[in-house]
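In my numbering, the protein residues as written are 1 to 40.
Idealized CB from N, CA, C, for every residue including glycine.
Below is the structure:
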C-alpha cells in the first residue's frame with residue numbers, strides 16, 4: 001500500500017507547476033499586447 005507516500009505531493013509536480021504558471025502569464029501578457037496593438 002502506498003497510502004502515506006500518495007499524500008506527499010511529488011516535488012517533480014511542483015517543479016512543473018511553477019514554470020507553467022509563469023509561462024501562462026507570459027503568454028497571456030503577450031496575447032493581450034498583440035490584441036491591443038491590432039486593435040489600434
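Measure the C-alpha to C-alpha separation of residue 29 and residue 23 and round it to an integer number of angstroms.
The residue given as residue 29 occupies position 29 in the chain shown. The residue given as residue 23 occupies position 23 in the chain shown. Whole-angstrom Cα-Cα distance: 10 Å.
Going along the chain, which residues of its own chain have a beta-carbon closer than 8 Å to the beta-carbon of residue 15, five neighbours each way excluded?
Here the question's residue 15 lines up with position 15 in the chain shown. Closer than 8 Å at Cβ, skipping near neighbours: no residue.
CA-CA distance, residue 35 and residue 19?
Numbered from 1 along the chain shown, position 35 holds the residue referred to as residue 35. Numbered from 1 along the chain shown, position 19 holds the residue referred to as residue 19. Computed Cα separation, rounded: 24 Å.
Taking the alpha-carbon positions, what's the residue 37 to residue 31 distance?
Position 37 of the chain shown, counted from the start, is the residue given in the question as residue 37. Position 31 of the chain shown, counted from the start, is the residue given in the question as residue 31. C-alpha separation (whole angstroms): 10 Å.
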